[in-house]
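The opening position of the sequence shown corresponds to residue 0 in numbering that gives the first Met the number 0, with each subsequent residue numbered one higher. The structure appears below as structure tokens.
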Amino acid sequence: MTCAQKGAEVCKRLFPEALWVEYVDPGYTLSIAVRKRIGDYLASNGKEPEVVIIENHGIFVACEAAQGVRKTYKNIMSRLRKEYKKEHVSTILDVGLPPSDAVKEEMAATLKRLMGPEAEVMCSSGPFKVSEGPLSPDHVVFMKSYPFMAEPSAKAIAAFKSKHGYFPRVISVKSGVFTVGTNERNADVTMKFAKDGALVEQLAGAFGGVKYMSERARIFIENWEVESYRQKVVAGQA
């Protein structure tokens, strides 16, 4: 819902008690914006919101006890599942059969040859419909904004890097989806985000389709020092 075209509209209908906040760059800027919006909510409603939903970021819940937080999230997910069912949108990502060992070996060798140390390790999965754009700051950090969706060749990979400024981390071909990284942990995390992003895009179909981050927001995240550091921490390099 937070990454959907009709996210704000659906939020107002399903969660009228929640505070919806339009996308703001993460960090200090976001904290100040949310603080102001909570103050406005308090002034209008006589209490602070228990649920804050931030576009292309996520859902945040505050209660006096952990049990209350769990109950609120359970209620949120229950309402969303009813919407998915009503719109005939599956909550399970459709993943095809995994590629053969021979295909994996050939792909690993090809990607390492084309991208060097950035493809030192590869993870593989059966084919699924990968997300085609930037969904959230976390997705941008750990899987980059765009996947590579063609059979890898020196010319195609070079063209992708020239256009986007980086080598792809998610490669989607007919035989499967492959993610690469400088080490096993990095490649594995990228695959987890690739599948999560694919499911987010699939579920957004229940709310008017996916809404990607703006070009300005994407560029900000890709060049933000804090996010670069987070990426290194996950990769075990910091």
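Every residue, glycine too, gets a C-beta built ideally from N, C-alpha and C. Predicted, not measured: the structure shown is a model, and the values here were computed from it.
Whole-angstrom distance between residue j and residue i, CA atom to CA atom
i      : j      : result
Leu29  : Ala108 : 42 Å
Pro15  : Ser171 : 39 Å
Leu110 : Pro151 : 7 Å
Ser77  : Val139 : 28 Å
Leu113 : Glu119 : 11 Å
Arg215 : Ala193 : 22 Å
Proximal residues to residue i (C-beta, below 7 Å), its chain only, five neighbours per side dropped
i      : result
Phe159 : Phe147 and Pro167
Leu79  : Met0
Cβ-heavy atom distance, residue i to the ligand ADP, below 7 Å
i     : result
Thr28 : With respect to small molecules bound, the structure shown includes none, and the ligand ADP cannot be examined in it.
Element boundaries [alpha helix (DSSP H), containing residue i]
i      : result
Met106 : Asp100 to Met114
Residue i - DSSP class collapsed to helix/strand/coil
i      : result
Ala3   : strand
Leu18  : strand
Val120 : strand
Gly45  : coil
Val23  : coil
Val129 : coil
Thr181 : coil
Residues near residue i by beta carbon distance below 8 Å, same chain, minus five either side
i      : result
Lys128 : Asp93, Ala197, Glu200 and Gln201
Val68  : Val60, Ala61 and Cys62
The beta strand (DSSP E) enclosing residue i, as first and last residue numbers
i      : result
Phe59  : Gly57 to Val60
Ile91  : Looking at the DSSP string, Ile91 is not in any beta strand (DSSP E), and its letter there is neither H nor E.
Ser171 : Val169 to Val172
Val139 : Here Val139 belongs to no beta strand (DSSP E); instead the alpha helix (DSSP H) covers Pro136 to Met142.
Val50  : Val50 to Ile53
Closest Cα partner of residue i within the set the options
i      : options                           : result
Glu117 : Ala157, Ile218, Gly204 and Val179 : Val179
Tyr211 : Tyr72, Ser89, Ser130 and Glu183   : Ser130
Ser124 : Asn55, Leu13, Pro133 and Pro97    : Pro97
Ile58  : Ser135, Tyr145 and Ile156         : Ser135
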